[in-house]
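**Q** Pasting a structure below so you can have a look.
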Amino acid sequence: MPDQPDDVPPIAAVFLIKFDLKVGYTIAWKRSISEVTVDGGVEFKSLPSGLHNVKDDLVYFIQDDYAGISAFVNRPAAESERNAHLVAVGVLVPLNNSRLGRGWLHAEKLQELASAVADDTSKTAPLEKFWEQWRSDKGKQGASASKSPPGLDQRKSGHSRIRALSTLTINVPAEQSLPKFHPSLSILKCLDVFGPLIFPLYRAALLRPRILLIGSAPVRFPCEFAYDLSIISAISSTLHSSLPIESTPLYRLKPLFNVGVHDIPYLSRPRTGDANDIESELGWIACTTDEILAMKPQLYDLLIELPPITDDKPGSHPGRVRKWPKLKTSAGAEIKATRRDLRRYKALYSVLRPLLHPSSNSHLNEDGISSTAPIDQSTTSYTDDEDADTNNDHLPLLRHPNYVTKNPAAQTPAEEDSQLFSDLEKLTEPRSWTALAYSGFMWWAAAGEPDSSEEEEQRDAEDSVGELADVVGRLVDEGMIGGGRGDAEKTRGLVETTIVASFHRMTAGLVRVGAEVAGVHGERPDIGVEDGDDGEGEEAVEEELEAVDVDTEDLRRMGLDGWSPGDAEFAQRFLELYWGREVRVRTAGLECCGVKIC
Numbered sequence: 043m044p045d046q047p048d049d050v051p052p053i054a055a056v057f058l059i060k061f062d063l064k065v066g067y068t069i070a071w072k073r074s075i076s077e078v079t080v081d082g083g084v085e086f087k088s089l090p091s092g093l094h095n096v097k098d099d100l101v102y103f104i105q106d107d108y109a110g111i112s113a114f115v116n117r118p119a120a121e122s123e124r125n126a127h128l129v130a131v132g133v134l135v136p137l138n139n140s141r142l143g144r145g146w147l148h149a150e151k152l153q154e155l156a157s158a159v160a161d162d163t164s165k166t167a168p169l170e171k172f173w174e175q176w177r178s179d180k181g182k183q184g185a186s187a188s189k190s191p192p193g194l195d196q197r198k199s200g201h202s203r204i205r206a207l208s209t210l211t212i213n214v215p216a217e218q219s220l221p222k223f224h225p226s227l228s229i230l231k232c233l234d235v236f237g238p239l240i241f242p243l244y245r246a247a248l249l250r251p252r253i254l255l256i257g258s259a260p261v262r263f264p265c266e267f268a269y270d271l272s273i274i275s276a277i278s279s280t281l282h283s284s285l286p287i288e289s290t291p292l293y294r295l296k297p298l299f300n301v302g303v304h305d306i307p308y309l310s311r312p313r314t315g316d317a318n319d320i321e322s323e324l325g326w327i328a329c330t331t332d333e334i335l336a337m338k339p340q341l342y343d344l345l346i347e348l349p350p351i352t353d354d355k356p357g358s359h360p361g362r363v364r365k366w367p368k369l370k371t372s373a374g375a376e377i378k379a380t381r382r383d384l385r386r387y388k389a390l391y392s393v394l395r396p397l398l399h400p401s402s403n404s405h406l407n408e409d410g411i412s413s414t415a416p417i418d419q420s421t422t423s424y425t426d427d428e429d430a431d432t433n434n435d436h437l438p439l440l441r442h443p444n445y446v447t448k449n450p451a452a453q454t455p456a457e458e459d460s461q462l463f464s465d466l467e468k469l470t471e472p473r474s475w476t477a478l479a480y481s482g483f484m485w486w487a488a489a490g491e492p493d494s495s496e497e498e499e500q501r502d503a504e505d506s507v508g509e510l511a512d513v514v515g516r517l518v519d520e521g522m523i524g525g526g527r528g529d530a531e532k533t534r535g536l537v538e539t540t541i542v543a544s545f546h547r548m549t550a551g552l553v554r555v556g557a558e559v560a561g562v563h564g565e566r567p568d569i570g571v572e573d574g575d576d577g578e579g580e581e582a583v584e585e586e587l588e589a590v591d592v593d594t595e596d597l598r599r600m601g602l603d604g605w606s607p608g609d610a611e612f613a614q615r616f617l618e619l620y621w622g623r624e625v626r627v628r629t630a631g632l633e634c635c636g637v638k639i640c
């Protein structure tokens with residue numbers, strides 16, 4: 043194996059799965075340490091439904107107390123074998139070190155191994171060599187890995203275990219970069235796919251529900267999106283002192299990655315209401331290609347319907363899928379972005395455009411704004427005709443037939459952006475009658491001056507991407523992105539970690555104002571049960587906390603939309619969940635002489 047970083051994890055199991063015409067998916071070869079059972083699980087988790095339609099894929103999953111990752115390959119074969127060799131090579135690594143096993147550090151080698159055995163699964167010598175090199179019961183590695191890892195069903199470790207999982211970060215020192223297959227490298231793709239919907243999805247994740255992403259193969263990006271959403275919605279350690287001790291299990295949403303029909307018993311477990319039953323109380327985020335799971339609303343709280351997603355790296359084919367995702371509650375209610383989310387996304391998009399569209403960077407002026415120069419159409423051209431290739435997943439971003447005119451060559455980047463932003467309106471809550479009435483009243487009262495609250499929110503949106511703008515601008519200037527000759531490998535992960543930091547700042551604003559509204563200052567109180575030597579503990583006296591009022595100004599200080607009923611409901615649930623306070627939210631309205639008109 044090529045040189046690997048020192049933190050490459052030892053493996054508890056390695057396995058080869060193939061498709062058998064008579065019995066379906068079967069484990070053709072396996073090796074594992076004594077305490078790990080491979081049969082009856084990994085063959086289904088590693089090969090989700092629909093993989094026969096793709097050439098290759100990378101699948102993440104959880105198997106008991108281990109994180110799994112498998113590389114799938116689809117090779118041509120004889121008609122007697124249904125014209126395909128379908129194989130997958132995967133590993134299990136312990137769920138420890140707060141890094142979900144770091145299994146992605148084996149991804150490249152797993153792809154090589156899968157390709158090596160695809161045509162003849164009896165040639166397992168490379169697999170044997172790989173196992174002997176990385177088995178966890180070998181030497182010093184075995185001593186550390188032989189301890190029981192922090193699995194999903196270990197409840198005695200309580201807060202300390204969850205705290206360890208929650209402290210996962212992807213901060214990268216300036217002189218380092220993220221590993222090639224690190225799932226956080228898909229954050230740009232995640233933002234590209236979800237658009238402004240990323241913000242209500244991020245807020246929903248903070249409430250720690252059961253989130254299910256459903257889509258088609260390949261599943262690598264949905265798996266990585268589950269990881270990304272878990273990361274951006276994590277509560278950083280700097281905020282822990284502002285939260286009650288009971289909030290500790292909420293610090294991070296648990297990613298389950300790929301799940302299927304075989305996981306229904308696990309997903310169906312009822313929530314007990316017992317705070318000590320951590321496994322059943324915590325929410326999760328997972329993805330699936332099995333549509334039957336979407337038909338069982340009792341399994342999830344939030345369903346995300348994903349459109350087809352290309353497996354290209356961000357920037358190589360800056361393509362947008364034909365449809366936007368749909369966010370629905372288990373009751374069927376659709377969730378949309380707020381007007382403030384739309385402003386925030388436009389500011390974010392304007393900064394990330396050089397990465398999402400490197401081929402059009404030559405049309406950006408010195409301020410990074412799209413010029414009026416026409417886009418080079420030498421490689422691609424599309425029309426609105428019915429004969430256009432509307433099924434091509436590689437259509438460049440903003441040049442999908444949904445966005446172009448009869449003469450795409452005449453469009454400028456600025457015109458394309460305008461069409462995109464117009465299309466984003468359908469993902470956004472319509473402006474309420476109350477907001478329109480208030481805006482009109484303020485325009486009249488201020489003699490035609492703009493609404494100061496909207497100007498403030500616009501400035502906030504621009505300020506929220508200030509650090510990211512500096513990073514992207516520097517990379518463009520140094521030729522690291524946008525077609526330059528700089529060494530992009532040295533900066534891999536820098537933009538992604540900056541994006542994560544921007545979401546963590548939004549969370550900090552929510553927690554800071556939430557703690558202020560809830561009346562929590564200084565060190566957090568240790569309310570609840572204190573562990574004693576006998577393990578039974580003493581019960582502490584709990585305070586009776588009065589209900590708190592939240593007004594429109596509080597919502598805005600939390601970075602929320604004061605006109606949005608959805609944001610008002612989020613604020614109420616957020617405060618009740620993290621501080622245990624009853625909350626009364628008063629949304630924006632129009633008053634005249636102390637009388638509320640609307």
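Each residue of the sequence shown is one higher than the one before, starting from 43 at the first, in our numbering. Where a beta carbon is used, it is the ideal one built from N, C-alpha and C, also for glycine.
1. May I ask you to report which of helix, strand or coil DSSP gives L366?
2. State whether the segment 223 to 240 contacts the segment 64 to 79, with contact taken as three or more CB pairs (one from each stretch) at a distance under 8 Å.
3. How would you call D505, buried or exposed, if buried means at least 16 neighbouring beta carbons within 10 angstroms?
4. Restricting to Cα atoms, I'd like to know which of R534, A373 and L254 is closest to W326.
5. Does the Cβ of R516 have 16 or more other Cβ atoms within 10 Å, making it buried, or fewer, making it exposed?
6. Under a Cβ-count criterion, where at least 16 other Cβ atoms within 10 Å of its own Cβ denotes burial, should M337 be classed as buried or exposed?
7. To the nearest angstrom, report how far apart L155 and D603 are at their CA atoms.
8. Starting from the C-beta of L142, find all residues in its chain whose C-beta is less than 6 Å away, skip the five residues before and the five after it, and write them out in chain order.
9. L58 to W366, Cα distance in whole Å?
10. Got a sec, what are the start and stop residues for the alpha helix (DSSP H) W146 sits in?
11. CA-CA distance, V96 and V131?
12. When the Cα of E77 is compared with those of P242, I256 and A54, which residue comes out closest?
13. Please name the residue in R252, V56 and F61 whose C-alpha comes closest to that of S372.
14. In whole angstroms, what separates the C-alpha of V553 from that of P472?
15. Can you tell me which of R386, Q614, S392 and T470 puts its alpha carbon nearest to the alpha carbon of D512?
16. In this structure, what does DSSP give as the bridge partners for P136?
17. Alpha carbon to alpha carbon, what distance is there between T290 and S460?
18. Output the distance between the C-alpha atoms of G82 and S164, rounded to the nearest integer angstrom.
19. Measure the alpha-carbon distance for V518 versus E538 and round it to whole angstroms.
20. Which runs of the beta strand (DSSP E) at least 3 residues long sit entirely within the segment 588 to 624? Give them in chain order.
21. Hey, out of I256, S226 and F612, whose CA is closest to I345's CA?
22. Give every residue of the same chain whose Cβ lies closer than 6 Å to the Cβ of S112, excluding the five residues on either side of it in the sequence, and list them in chain order.
23. State the beta-bridge partners of Y387 as determined by DSSP.
24. Near I306, what residues of its chain come up, given a Cβ to Cβ distance below 8 Å and the 5 sequence neighbours on each side ignored?
25. Near R628, which residues of its chain fall below 8 Å by C-beta distance, leaving aside the five closest residues on each side in sequence?
26. Starting from the C-beta of A560, find all residues in its chain whose C-beta is less than 7 Å away, skip the five residues before and the five after it, and write them out in chain order.
27. Do A328 and F223 have their CB atoms nearer than 7 Å?
28. Give the straight-line distance between the Cα atoms of L510 and Q500, rounded to the nearest whole angstrom.
29. For the segment 259 to 303, which segments carrying the beta strand (DSSP E) assignment without a break, of at least 3 residues, lie completely within its bounds, in sequence order?
30. Between the alpha carbons of F241 and V555, how many angstroms are there, rounded?
31. When DSSP labels each residue in this structure, what does P51 get in the three-state scheme?
32. Going by DSSP, what residue range makes up the beta strand (DSSP E) through I650?
33. Express the C-alpha separation of R385 and K151 in angstroms, rounding to a whole number.
34. Confirm the yes/no value for this check: CB of A160, any heavy atom of the ligand GTP, distance under 6 Å.
35. If we ignore side chains and look at the alpha-carbon of each, how far apart do T330 and H94 end up?
36. With DSSP run on the structure shown, which of helix, strand or coil describes I59?
**A** According to the data block:
1. Reading off the sequence, residue 366 comes out as Trp, not Leu. Coil at W366, not helix or strand.
2. Because the criterion of three Cβ pairs below 8 Å is not met, the segment 223 to 240 and the segment 64 to 79 do not touch.
3. Of the residues assessed, D505 falls on the exposed side of the cut-off, its CB having fewer than 16 other CB atoms within 10 angstroms.
4. It is L254 whose Cα lies nearest to the Cα of W326.
5. Exposed, by the Cβ-count rule.
6. Exposed, by the Cβ-count rule.
7. Cα to Cα, L155 sits roughly 50 Å from D603.
8. A distance below 6 Å between beta-carbons, with the five flanking residues on each side excluded, links L142 to the following residues of its chain, in chain order: A109.
9. Each residue's alpha carbon lies about 36 Å from the other.
10. No alpha helix (DSSP H) contains W146, which DSSP labels as neither H nor E.
11. Using only the alpha carbons, I get a separation of about 16 Å.
12. Out of P242, I256 and A54, A54 has the C-alpha closest to the C-alpha of E77.
13. The candidate whose alpha carbon is nearest that of S372 is R252.
14. Near 28 Å, if we compare the C-alpha coordinates of P472 and V553.
15. It is S392.
16. Under DSSP, P136 forms a beta bridge with Y108.
17. One Cα belongs to S460, the other to T290, and the distance between them is close to 44 Å.
18. The straight-line gap from Cα to Cα measures roughly 21 Å.
19. The C-alpha of V518 lies about 15 Å from the C-alpha of E538.
20. Fully enclosed beta strand (DSSP E) runs of 3 or longer: 590 to 592.
21. Strictly speaking, residue 345 in this sequence is Leu, with Ile absent from that position. By alpha-carbon distance to L345, the top candidate from I256, S226 and F612 is I256.
22. Excluding the 5 residues flanking it on each side, S112 has same chain C-beta neighbours closer than 6 Å at S88, V101, A130 and G132, in chain order.
23. Under DSSP, no beta-bridge partner is assigned to Y387.
24. Within the same chain, I306 has close Cβ partners L335, K338 and L341.
25. The beta carbon of R628 is closer than 8 Å to those of D591, V592, D593 and T594 in its chain, skipping five residues each way along the sequence.
26. Hits under 7 Å: V590, L617, W621 and R623.
27. Using a Cβ distance threshold of 7 Å, A328 and F223 do not count as a contacting pair.
28. Approximately 16 Å, taken between the alpha carbons.
29. Runs of the beta strand (DSSP E) lying entirely within the segment 259 to 303 and spanning at least 3 residues, in chain order: 296 to 300.
30. Each residue's CA atom was taken as its position, placing F241 and V555 some 18 Å apart.
31. Note: P51 maps to coil in three-state DSSP.
32. The structure shown does not extend to residue 650, since the chain spans only 43 to 640, so no value can be given for it.
33. Computed Cα separation, rounded: 43 Å.
34. This structure lacks the ligand GTP, and indeed carries no ligand of any kind.
35. Rounded to whole angstroms, T330 to H94 spans 15 Å at the Cα level.
36. Residue state, collapsed to three classes: strand.
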